[in-house]
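Below is one structure, written out as structure tokens; the observations come after it.
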Amino acid sequence: MEYFLQQLINGLTLGSIFGLIAIGYTMVYGIIGMINFAHGDIFMVGGFIALMSFLILGIAGITWVPLALAIVLVIAMVFTSIYGWTVERVAYRPLRGSFRLAPLISALGMSIFLQNYVQLLQGARSKPLPPVIQGGFVLMESPTGFTVTISYVQIMIIVMTVVLMAAFTTLIQKTSLGRQQRACEQDKVMASLVGVNVDRTISATFVMGAALAAVAGTMYLVRYGVIDFFEGFVVGIKAFTAAVLGGIGSLPGAMLGGLLLGLIEAFWSGYFSVEYKDVAAFGILVLVLIFRPSGLLGKPEIEKV
Amino acid sequence: MTATTYDSADTKARAFPWRTALIEAGITAFIAFMLAITMVGIHLETVQGGLAIATRFADVVVAIILAFVGRIGIVAMREGFPMVVLIGGVAAAALGLLVPPIDIVAAVLQALGGEAPPATPVLQIMQVAGGVILALRAAWLVWRQRGSRESQDERSRSLGDLSARIQGWTGYIGPVAAAFAVALPFLFYDRATIDLATLVLTYIMLAWGLNIIVGLAGLLDLGYVAFYAVGAYSYALLATEFGWSFWICLPLAGLLAATAGLILGFPVLRLRGDYFAIVTLGFGEIIRVVLLNWYEFTGGPDGISSIPRPSFFGFAEFTRSPDEGVTAFHDMFGLEFSGIHRVIFLYYLILVLALFVNFVSVRVRRLPIGRAWEALREDDVACQSLGINRRNIKLAAFMFSAGFGGVAGSFFATRQGFISPESFQFIESAIILAIVVLGGMGSQAGIVLAAVLMIGMPEVFRELEQYRMLAFGALMVIIMVWRPRGLLAHRDPSVRLHPPEGRRRLWSIGGRKAAEPAVSDGAAQ
Amino acid sequence: MTDASRPLLTVDHLTMRFGGLVAIDDVSFDAHPSEITAIIGPNGAGKTTVFNCLTGFYKPTEGMLTLNRGKRSFLLERMEGHDIAGHAGIARTFQNIRLFSAMSVLENLLVAQHRSLMAASAGSFAGLFGLPSYRHAHRTAIDKAKGWLDRVGLTHRADEDAGNLPYGDQRRLEIARAMCSDPVLLCLDEPAAGLNPRETQGLNELIVGIRKDFGTGILLIEHDMSVVMQISDHVIVLDYGRKISDGTPDQVRADPAVIRAYLGEEDEDTAVTANAAAGP
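Chains as they are written, first to last, in this note's numbering: chain A, 2 to 306; chain B, 108 to 632; chain C, 6 to 285.
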């Protein structure tokens, strides 16, 4: 029971991170109908930038944790967004309406490029971050000595995700940018005819996705204390799985998928085998795509004839 | 820098729009600054007990200057000054080669009293590569005598013409290339060269195999390396556990990989393009993780070692003193023993295997199934309306592709003598895909060219090895933006009603045309 | 055909719903061999959806679709799309032309003969080794394609990419491609869309010629009344997913329900004049 509860907490934390990244996948898919392979690497870049910011703040002597964290998040979001924007501008925008496989291959190329770019500039070794926030609550203590804890970091991640999700949903539903995004999702040509700047809206989508990925990268760094250039690949695929599981194109779906995937992975590693946890994630991706390609909350697609 | 030479060389009557150019270049430079200030400007150094920060601001300055100048070059090209850009690009590349940009900035900084910063060679590479790419594009524009902006269509068409011409030449170059490949071990009687050629041929074979599913059937398979792994492990296990001969295992490995293709393909083939891609990627990873963790069966991360080497078709062994009752290859032919015999033998083996794949791919393109693959790539809805069973056709493509991957895998196992999951990472799939894409999807000759460039070059220039994947990624993006169907993508009809005039029809049957990528012709003999 | 009165296609109480939207609502009609049956109706009336149900792209929510080919009957709603084309013998064209655009004109026509060629190539092995049986089948297929190229006037462009043909040629090529699969029922989805009057006239001749020479039943969706009224034997009118009229062109033209659907609730004489003007 205690063990179960602990895995539940761990799973929710991990799932929140997946969910934040999954939103980037799902939004881009919704608006231009392509899988942004490089999104996982944007997450990784976000993690690196957060790490740099932490170290610089440490040198600058800003050590009050809430302030430092806030500054790091802002820096990571701003600079990672620029990466997101550039990726779209360079690798995807020229390919609108091109040969079907072209954007996918371009995205794959971008992903490979970003990984190696970071590896060459920052080295292949994984970069550790000393624990920034320590401590937590002990929720339960069993007679056998097993304690269930929820750390401050975990609380922060979950709270942060909830806040961001709420803010984000409002953004999409209430603001004119959100309206423009939804319009582009439905019909780009029509949207441009009624005066929506399609290019700018798509750019904004990438910027928002990258900003969320930066938050996820920061959280991941704080929680697991380490990042390397290859991290984005696996985490990215899992986040994509989460997006598909929840129903690609659906924002609540992405979050739900993220949480589910986090839980599945936590329980799988907790009860079965840590070695095969990636297999579990991929297996779920395959099963969902085969049996319910529209995901849990997505709309079924009809083949257009 | 180079920018100052623009107006002097203005041969056309148009004035260079300095205002636009400077604004655009300024914005680009600003973005470059924002991108570079973090990743380039700060270096996380691993030191005792954690991380330390080093700054590389000189590199940031270089990045900004490069972005600025590069953007002006792009504007100049767009506005009809390709000649200037050609000269500027070449100059920039040459300058980058001779005097690393960082040295100049470092010298300036030192003169100002700063310290010499630690330099990354990435920017130098970028300057050279950027200069070359700009120069190439400009050269293309100059050659086409098109100063102004070319539409994607026009570019596509003119590049298509060029590819068509190149493919026409391959009708003649192909046999020459095949002959060269056959003669290679005797031209360069040297182990390193033959090993390199063997490696390149392995990738050519893999890329030709992948091309069936990506280039012909239009399905983006990102897990091709899985079949390569199935083939390699099949042979390794059959040979080490049961002592089966390579010559039995080779076709068997192909069959097993094809079966794996069938099993994996069955559920995923209903999926649409991008889902298909990501699921194949997932399968590739699943297979690797299983290989990594199933110790009893695969040896886990330790892999399988002492995999038997192939014999000379079962007649002789390539060892100095073989076991009792077994002939040694050098005795059989009355030669002096030399380790290179086996190397040469392996080289010929992969050459034959690769040519076989090419023969099948070229042949199959003219068969109903090959045409159905291409039709599927063009429009799968229309395929269904013509009574084509999309699933079966896709499965067939998947199996063909997987089978060839498996054969290549068992060759890899026997050549290396040792395999482990390390060799079957996603990045291998990406490299093979990059070769297919860069060469031109569906173009047999393009693949050879891309494989030689992509695999051969970094091996020759060892110091460039670490930049190889960076270049791969960048090239994939650039080629897609510039020519989405691949550099040498040109498609000749598989059958013609009116055979073109003056073409050699030596190897053609019926009405079809002889200008296929011609290495096949060597194989067809 | 053993029984001349037996319809080629029977559509029985066909209903197709997408979520809450009823695209086709209880539509029944027959189509006969060697007849041209036109389905007309305003935009969004569900015409193309009928085609998609017939050719297996959609599974109908309710209803029965029967195709009689010789002595055999096929229940289309239970078949897979490719079997409908391959076994039952229904071929179709698409509203937004779907050619294999990077393949040559001739290759497009060969892909349409995939099933017969595939059988001749014995799962590709006979083809791979160039056995005579396959070579013969291949030559026959090319001859058949040649015949169709002559008929649609594209012989001189046989080796060009289908995507490079002018629009009108693409339309005709798509029909030729559909016919190369030897259908008993040919479904044409707005074949005259985007054609000029001269091309439309040529199209009429092509369709009538197909019916005459091959006895193929033809199902036609068309907005161009000059095509519908001139060549069809039988017209079905759909509006908002329901069948509102069914009969010969003259009967349909005079049907008040049709006039209302097309022109709204207006004076009858303007409607009749408009219709007459649109007629031949």
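From the three backbone atoms N, C-alpha and C, an ideal C-beta is built for every residue, glycine too.
Residues of chain B with CB under 7 Å from residue i, in chain order?
i, result
"C:E112", "R478, P600, S601 and V602"
"C:V116", "R478, A479, A482 and L493"
"A:P131", "G157"
"C:S109", "P600"
"C:A36", "Those within 7 Å of C:A36 in chain B number zero; the least Cβ separation is about 18 Å."
Nearest to residue i by CA position, among the options, is which residue?
i, options, result
"C:H92", "C:N73, C:V110 and C:F62", "C:N73"
"B:I539", "B:L313, B:I320, B:W401 and B:I457", "B:L313"
"B:E424", "B:G406, B:F466 and B:H448", "B:H448"
"B:G148", "B:T135, B:I495, B:G156 and B:T162", "B:T162"
"B:I171", "B:L202, B:L205, B:G187 and B:A132", "B:A132"
"A:Y225", "A:L130, A:A51, A:L74 and A:Y26", "A:L130"
"A:F80", "B:L158, B:M146 and B:R377", "B:M146"
"C:V232", "C:E204, C:S138 and C:N48", "C:E204"
"B:D599", "C:E112, C:I180 and C:W153", "C:E112"
"A:Y118", "B:M233, B:V283 and B:P292", "B:M233"
"B:Q491", "C:A90, C:R77, C:P12 and C:K149", "C:A90"
"B:G384", "B:L462, B:L329, B:A504 and B:R603", "Checking the sequence, you will find Ala at residue 384 of chain B rather than Gly. Comparing Cα positions, the closest option is B:L329."
"B:A635", "B:S530, B:F123 and B:H605", "The structure shown has nothing for residue 635 of chain B, since chain B only spans 108 to 632."
"B:V249", "B:P189, B:G516 and B:A461", "B:P189"
Is the CB-CB distance between residue i and residue j below 8 Å?
i, j, result
"B:L323", "B:G546", "no"
"C:A43", "C:S250", "no"
"B:G421", "B:W354", "yes"
"B:A365", "B:A509", "yes"
"B:G237", "B:G177", "yes"
"C:V240", "C:A266", "no"
"C:G246", "C:A28", "yes"
"B:F511", "B:G316", "yes"
"C:A96", "C:L191", "yes"
"A:I113", "B:I160", "no"
"B:R197", "B:M184", "In the sequence on display, residue 197 of chain B carries Val and not Arg. No, Cβ-Cβ distance for B:V197 and B:M184 is not below 8 Å."
"A:G1", "A:G296", "Because chain A spans 2 through 306 in this model, residue 1 of chain A falls outside it and cannot be assessed."
"A:N37", "A:A103", "no"
"A:V227", "A:G41", "no"
"A:I158", "A:L140", "no"
"C:A146", "C:L104", "no"
"A:T206", "A:Q182", "yes"
"C:P254", "C:T221", "no"
List the residues of chain B whose Cβ lies closer than 8 Å to the Cβ of residue i, in chain order.
i, result
"A:Y84", "L142"
"C:D164", "P600, R603, L604 and H605"
"C:L59", "Here the premise fails: no neighbours, minimum Cβ distance about 11 Å."
Kindly list, in the order they appear in chain A, the residues whose Cβ is closer than 8 Å to that of residue i.
i, result
"B:G325", "R101 and L102"
"B:P528", "Neighbours of B:P528 on chain A: none; closest Cβ ~12 Å, over 8 Å."
Give the residues of chain B in contact with residue i, contact being defined as C-beta atoms less than 9 Å apart.
i, result
"C:G152", "Per Cβ cutoff of 9 Å: no residues; C:G152 is ~12 Å from chain B at best."
"A:F19", "The contacting residues do not exist; A:F19 stays about 15 Å from chain B at best."
So residue i and residue j are in contact, right, with Cβ under 8 Å, and what is the actual spacing, rounded?
i, j, result
"B:A557", "B:I542", "5 Å"
"C:K106", "C:G199", "At residue 106 of chain C the sequence reads Ser, which differs from the Lys that was named. About 16 Å; that fails the 8 Å criterion."
"A:M28", "A:G210", "5 Å"
"B:P475", "C:S186", "Incorrect: roughly 13 Å between the Cβ atoms, too far for contact."
"C:E227", "C:I102", "Between C:I102 and C:E227 the Cβ distance is about 15 Å, and since that is not below 8 Å, they are no contact."
Cβ closer than 7 Å: which chain C residues qualify as neighbours of residue i?
i, result
"B:R272", "What B:R272 touches in chain C: nothing, since even the nearest Cβ is about 17 Å away."
"B:N496", "H87"
Output, in chain order, the set of chain A residues within a Cβ distance shorter than 9 Å of residue i.
i, result
"B:Q551", "Under the 9 Å cutoff, chain A gives no residues; its nearest Cβ is about 19 Å from B:Q551."
Segment contact flag, the region 286-299 of chain A with the region 38-56 of chain A, C-beta cutoff 8 Å, min 3 pairs: Three or more Cβ pairs closer than 8 Å define a contact, and the region 286-299 of chain A falls short of that threshold against the region 38-56 of chain A.
Do three or more CB pairs link the region 116-136 of chain A to the region 134-152 of chain B at distances below 8 Å? These segments touch.
Are the region 216-233 of chain A and the region 26-35 of chain A touching by the rule of at least three beta carbon pairs closer than 8 Å? When Cβ pairs closer than 8 Å are counted between the two stretches, the region 216-233 of chain A is seen not to touch the region 26-35 of chain A, the count staying below three.
Pair every Cβ in the region 47-59 of chain C with every Cβ in the region 11-31 of chain C, then say whether three or more of these pairs are closer than 8 Å. Between the region 47-59 of chain C and the region 11-31 of chain C, the count of C-beta pairs closer than 8 Å reaches three or more; the two stretches touch.
Check whether the region 200-216 of chain A touches the region 72-90 of chain A, taking contact to mean three or more Cβ pairs, one atom from each stretch, closer than 8 Å. A contact exists between the region 200-216 of chain A and the region 72-90 of chain A.
Say whether the region 163-178 of chain C touches the region 80-90 of chain C, bearing in mind that this needs 3 or more beta-carbon pairs closer than 8 Å, one atom from each stretch. With the cut-off at 8 Å, the region 163-178 of chain C and the region 80-90 of chain C do not touch.
Quick check: the region 253-262 of chain A against the region 272-279 of chain A, are at least 3 beta-carbon pairs closer than 8 Å? The region 272-279 of chain A, when compared against the region 253-262 of chain A, does not touch it at the 8 Å Cβ threshold.
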